[in-house]
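These notes concern the structure reproduced below.
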Amino acid sequence: MNAKRGITFSDTTTTDLSHAANTAISWEYNWAVTPPAKLPPGIEHVPMQWGKASIETFEDTVKNAGAKNVLGFNEPEQMGQANINATEAASLWQQYINPLSASGIKIGGPAVSAAPEGKTWLQDFFSACNKKCKVDFLPLHWYGQGSQYFLQYLSDMSAAFPDYNVWVTEFADTTMNDATVQTFLTNSIQAMDALSYIERYSWFDYSANLLDNNGDLNNLGNAYVQ
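First residue of the sequence shown? That's 1 in the UniProt record's numbering, and the numbers climb one at a time after it.
Structure below.
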């Protein structure tokens, strides 16, 4: 088991999760508070407060579930995602997310995309927080082509926010070539395993890109879970 390596799971066919059992996969998230059915024993579910909905019940739910880590708003700078302005997000955070820290739960900040507005939104969020928001690590997303550009993005964001280690909660190569994508995956996970500021990472997406049409691990999936 690799303490850094996780999966994103958006599928309703929860039997697919059996392929993650007894592999390198140590954690999972599904953009939701509760875990998917049939999550194999030993794989940690990390709850997410995706947007503003039901935020008032998040603390009690994750505490009762015994969560060790949580994830915050999903791409709040994007209209098609959580879509929350930074000032409101900072206010909600202090009211509803901060209290988790008292229970020893590690808090992931809002997960921004690699678009330029993602970095700007995160800077605005921390400015609005005025050092009053509890954040233990930064979740980041990246899609593109070439592991060198991916790793440079991670380096740039780490330099911009040096107080926080990083979870890469979505990443993938968008090249439509299997061999190129596999090279990207291999190079990226080897590099992230060696980078001390990368605490965790999860390829996007488990069911869509790591399994074949029969629900079995494909070549990419086998490379990722080993």
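In this text, a Cβ means the ideal position worked out from N, Cα and C, and glycines have one as well.
Assigned with DSSP and collapsed to three states, L100 falls in helix. Between N218 and L211, the alpha-carbon positions lie close to 5 Å from each other. Excluding five sequence positions before and after S26, the CB atoms of its chain that fall closer than 7 Å to its own CB belong to M1, N2, A3, R5, G6, I43 and E44, given in chain order. Looking from the CA of F150, the closest CA among S127, S113, M176 and Y164 belongs to S113. Contact between S207 and D11 is confirmed by a C-beta separation of about 4 Å, below the 8 Å threshold. Assignment of V225 by DSSP, reduced to helix, strand and coil, places it in the helix class. For A111, the secondary structure class from DSSP, reduced to helix, strand or coil, is strand. It is roughly 7 Å from the alpha-carbon of F184 to the alpha-carbon of D173. W121: member of the alpha helix (DSSP H) spanning P116 to C129, first to last residue. Annotated as distal: S202 and T15, with beta-carbon spacing of 9 Å or more.
Inclusion of G109 and V46 in the CB contact set at 9 Å is not warranted, their separation being larger than that value. For N98 against F137, the beta-carbon gap comes to about 15 Å, at or over 8 Å, which does not count as contact.
When beta bridges are read from the DSSP output, T8 appears opposite Y29.
Of the residues assessed, K38 falls on the exposed side of the cut-off, its CB having fewer than 16 other CB atoms within 10 angstroms. Excluding its 5 nearest sequence neighbours in each direction, K52 has C-beta neighbours in its own chain below 7 Å: I84 and L92, listed in chain order. Comparing alpha carbon positions, the residue from I55, Q94 and E28 closest to A128 is Q94. Annotated three-state conformation of K68 is coil, per DSSP. Under the DSSP definition of a beta bridge, I84 lacks any partner.
Excluding its 5 nearest sequence neighbours in each direction, P76 has C-beta neighbours in its own chain below 6 Å: A82, I84, A89 and P110, listed in chain order. Within the model, the alpha-carbon separation for L220 versus N209 is close to 8 Å.
The criterion of a C-beta distance shorter than 9 Å is satisfied by D216 and H19. For T169, the three-state secondary structure derived from DSSP is strand. When rounded, the separation of the alpha-carbon atoms in M157 and Q78 is 18 Å.
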